[in-house]
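Reading through the structure tokens given below for one structure.
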Amino acid sequence: MKRRRIFISAGFWIGLSLSLAHPVNSWADAMPAPQLNTGDDVSLIAGDPNHFSAFAQELPETLSRMPAIDPESGLHVSEVKPGLFYVTEGVYQSAFLTTDDGVIVFDAPPSFAHKLLSAIRQHAPGKAIRYLVYSHGHHDHIGGSGVFEDIEELEIVAHEDIAESIAANGRPGILAPTETFDVSHKISFGGELVKLAPASFHSEDVDTIIYLPRQKFLIAVDSITPGEVPFMNFGATSDVGAYIAFFDTILEFDFDTILSGHVSVLGGRDDVIVAREYAHDVRETVSRGMTTFLDRFDVMFQKFNHENANLAYRATIEAVRRECAAEIIDRWKGRLSVVDVWADSHCQTMILHSIMH
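What the sequence shown shows, in my numbering, is residues 1 to 357, in sequence order.
Right, dumping it as structure tokens:
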């Protein structure tokens, strides 16, 4: 055993001396240095190429738009337009409108719904909450509605598909709608007008565009994230094609402020236009890559000795995704935050959409 260890040690030193004598042919020169691969797992291990610190920080322009969160309440509440307030804890958003006859609330995220009642009472003292409007049926935006359970004469308004989904799923903490609509709906209350229009850009059921024409304020939850690229899978949309078409639909409205349900930042028309440009850029970049997809698959399958076609297909998708992400990150890293976090997801989502359509 001792002689074996000596032999290995000698071999090691001989190999090392040869590599030093011929550095051009060394292992270090033959293998590329490890570098950040945004499509791989994020690492917490210091020195790992994919350590979280290797990803870009949020842009200063994005950070400067974030409102301060009150340390005592854990919320930011501000009056966007006279009588119209928006609420955020930094991740989710809600809003409420005070009228002559009471308050209309839009969504109740469970992350801060338990604080929402006190915020409303502080900014609308003595006014009853009369309406709660659901943007869509996902628990992370309306799962805190149970805090309104004891409010008398409360009308809970939602599209009929949302009501059916809530009834079918039986999620605890979500109050059942008391008033539903199909095509479109209006709430005329206390001298104010709220328009509700069904749409399709995120939810598997239906989304509701909530529009306050006098305030030029629009709510389209899970649509864009102002100052940032969208969350993975373009905001976890259930229909990529509908998501792409959504931008033109939303820009037909006369609005200057948009609440999109996530992050702490309110957006404007320019944010929607930039988000549309980004989504279209991803789609067009993928389209260019897909023109050679089948040829590249054939080459990859041949390299795999015509074994395991699924693996060859995956490798081809990964190649197109990697090239797409590199282009998108390069073009957008100075315009929107977290592009290197989600570009791979966006490219892959658009690749799958391209394959299926």
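Quick reminder that beta carbons are idealized off the backbone N, C-alpha and C, glycines included. Keep in mind it's a predicted model, so treat the numbers as computed, not measured.
Can you name, in chain order, every residue of its own chain whose Cβ lies under 7 angstroms from the Cβ of T98, other than the five neighbours on each side?
For T98, same chain residues with a beta-carbon under 7 angstroms away, outside a window of 5 residues either side, are G83, A124 and K127 in chain order.
Based on the DSSP secondary-structure assignment, which residues constitute the bridge partners of I187?
Residue pairing for I187: DSSP places it in a beta bridge opposite V194.
Assuming S165 is part of the beta strand (DSSP E), what are its boundary residues?
In the DSSP assignment, S165 falls outside any beta strand (DSSP E) and within the unbroken alpha helix (DSSP H) covering E160 to N169.
Anticipated Cβ contact below 8 angstroms, F293 with A312, distance rounded
12 angstroms between Cβ atoms; not a contact.
Would you mind working out which of S78, P67, T349 and N37 sits nearest L116, comparing C-alpha positions?
Distance from the Cα of L116 is smallest, within the candidate group S78, P67, T349 and N37, for S78.
Just to check my reading of the structure: G143 and P110 have Cβ atoms closer than 8 angstroms, yes? What is that Cβ distance to the nearest angstrom?
The pair is a contact, with the Cβ atoms about 4 angstroms apart (cut-off 8 angstroms).
Run through DSSP, which three-state label would H139 get?
Here H139 sits in helix by DSSP.
Starting from I210, trace the beta strand (DSSP E) in both directions and tell me its first and last residue.
For I210, the enclosing beta strand (DSSP E) begins and ends at D207 to L212.
I'd like the span of the alpha helix (DSSP H) that includes S354, first residue to last.
V339 to M356 is the extent of the alpha helix (DSSP H) around S354.
Which residues mark the beginning and the end of the alpha helix (DSSP H) in which I258 is found?
For I258, no alpha helix (DSSP H) run applies; the uninterrupted beta strand (DSSP E) run containing it begins and ends at T257 to L259, by DSSP.
Closer than 8 angstroms by C-beta to K333: which residues in its own chain qualify, once you throw out the five before and the five after it? Chain order, please.
Once the five neighbours on either side are set aside, the close Cβ partners of K333 are A56, V339 and D340.
Do you know how far the Cα of V240 is from the Cα of I355?
I355 and V240: Cα-Cα distance of roughly 12 angstroms.
Identify, in the order they occur along the chain, each residue of the same chain with its Cβ nearer than 8 angstroms to the Cβ of V183, setting aside the five sequence neighbours on each side.
Beyond the five residues adjoining it in sequence on each side, V183 comes within less than 8 angstroms, by CB distance, of P198 in the same chain, given in chain order.
Beta-carbon proximity check, V282 vs P226, cutoff 8 angstroms:
Cβ atoms of V282 and P226: not closer than 8 angstroms.
What distance in whole Å lies between the Cβ atoms of T257 and K216, which are believed to be in contact at a cut-off of 8 angstroms?
Their Cβ separation, rounded to whole angstroms, is 7 angstroms, which keeps K216 and T257 in contact under 8 angstroms.
Would you tell me roughly how many angstroms separate the C-alpha atoms of A220 and M300, rounded to the nearest one?
Near 43 angstroms, if we compare the C-alpha coordinates of M300 and A220.
What is the DSSP secondary structure of E79, reduced to helix, strand or coil?
The DSSP-derived three-state label of E79 is strand.
Buried versus exposed call for A68 [16 or more other C-beta atoms within 10 Å across all chains shown]
So A68 ends up on the exposed side.
Excluding the 5 residues preceding and the 5 following A343 in the sequence, name in chain order all residues of the same chain whose CB lies nearer than 6 angstroms to its CB.
Spatial neighbours of A343 in its own chain (CB-CB distance under 6 angstroms, excluding positions within 5 residues in sequence) are listed in chain order as A325, I328 and I329.
Please report how far the alpha carbon of H114 lies from the alpha carbon of P177, in whole angstroms.
When rounded, the separation of the alpha-carbon atoms in H114 and P177 is 19 angstroms.
Could you pull the start and end residues of the beta strand (DSSP E) that I174 belongs to?
Per DSSP, I174 belongs to no beta strand (DSSP E) and is neither H nor E.
For the candidate residues S203, I104 and S43, whose alpha-carbon lies nearest to that of L212?
Nearest of S203, I104 and S43 to L212, Cα basis: I104.
Within 8 angstroms, strictly: CB atoms of L154 and A119
Contact: no.
Tell me, please, which residues DSSP counts as bridged to S94.
The secondary-structure analysis by DSSP pairs S94 across a beta bridge with V87.
Close beta carbons around A309, own chain, < 7 angstroms, minus the five adjacent residues each side
Contacts found: F301.
For T285, tell me which candidate among P230, V274 and H346 has the shortest Cα-Cα distance.
The alpha carbon of T285 has as its nearest neighbour, out of P230, V274 and H346, the alpha carbon of H346.
For F181, the residue or residues it bridges with in DSSP
In the DSSP output, where bridge partners are listed per residue, F181 has H159.
Mapping DSSP to helix, strand and coil, what is T225?
In this structure, T225 counts as strand in the three-state DSSP scheme.
Evaluate G268 with the Cβ neighbour count: other Cβ atoms within 10 Å of its Cβ, from every protein chain shown; 16 or more gives buried, anything less gives exposed.
A residue is called buried when at least 16 other Cβ atoms come within 10 angstroms of its Cβ; G268 does not meet this threshold and is exposed.
Are the beta-carbon atoms of R214 and L196 separated by less than 8 angstroms?
No, Cβ-Cβ distance for R214 and L196 is not below 8 angstroms.
By DSSP's criteria, Y131 is part of a beta bridge. Which residues make up the other side?
DSSP links Y131 through a beta bridge to I104 and E155.
Could you tell me the alpha carbon to alpha carbon distance between T249 and S165, rounded to whole angstroms?
Those two C-alpha atoms are separated by around 25 angstroms.
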